[in-house]
Structure formats: C-alpha cells, structure tokens
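Novice: Here this note's numbering runs 187 ahead of the position in the sequence shown, where the first position is 1. Every residue, glycine too, gets a C-beta built ideally from N, C-alpha and C. Bear in mind that the values here come from a model prediction, so they are computed numbers and not experimental data.
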Amino acid sequence: SAQDEPDCETALHALDLAHRWQVEVVVAILTDLLTGMITDASFETIAEHAPLKGLERLKAAILRFGAESKKVQADLKAGRLPGVAQLFPSKPSKSNEPKPKRRRV
C-alpha cells in the first residue's frame, strides 16, 4: 500500500537525523530512497539537502534529473531555483584553471 513508503518530507527528516548521528547505513538507504523520489515537484527540496550533507550519489542523481527535466531547466533559466542554481554551472568557468605562468625576463 501507499503507507508502506515514507513521503519525501519524512525521508528528508530521517536523513537529517541519520546524517547528524552518523548512521551511515541509514544515510545510504535514505539516499537511495530519495533518489527515486526526485520529481519536478520535489526537485528543489531534495536538491538543497545533497550538497549540505556531501551526499555525492544523491547530488549526481539530482544533476541527472535536472539536466533532463524541461521544467527544472526553465526554472533555472528564470532564476526560480536560487537555492540549487550553484549545482548547475551556467557556463564553463575559467576561474578554476591555473593561470599560465609568466616568464621573468
């Protein structure tokens, strides 16, 4: 039945507790559960949690979903997702590249 699985909100609260108490097995289980719960409606809520907790698998799932979702892409372009916009670089940044060394003469 539908009551067997928690909703997104409940899963996120449980993830907060499991992460705080460092129960890694539960964090992994909830990460997998939340990965399957990513929809256009839940995207922003779930996407705000992954970077804060360093959950790379969940972050990768969010990036994949966000790249494929027309609604998410439209919301990003319109600036309606300020909390998760940093996950999606708008254009390649050259600031991370090392500057070429100048030769002293």
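1) Please state if the CB of THR218 and the CB of LEU199 are separated by a distance shorter than 8 Å.
2) Is DSSP giving LYS281 helix, strand or coil here?
3) Following the continuous alpha helix (DSSP H) through GLY253, name the residue where it begins and the one where it ends.
4) Put PRO269 into one of helix, strand or coil per three-state DSSP.
5) Between which residues of its own chain and HIS236 is the CB-CB distance below 7 Å, once the five residues before and five after are set aside?
Specialist: Looking at the atomic coordinates:
1) no
2) Residue placement at LYS281 cannot be trusted, given a pLDDT of 49 that sits under 50; what the coordinates show is reported in the next sentence. Note: LYS281 maps to coil in three-state DSSP.
3) 243-255
4) coil
5) LEU199, LEU202
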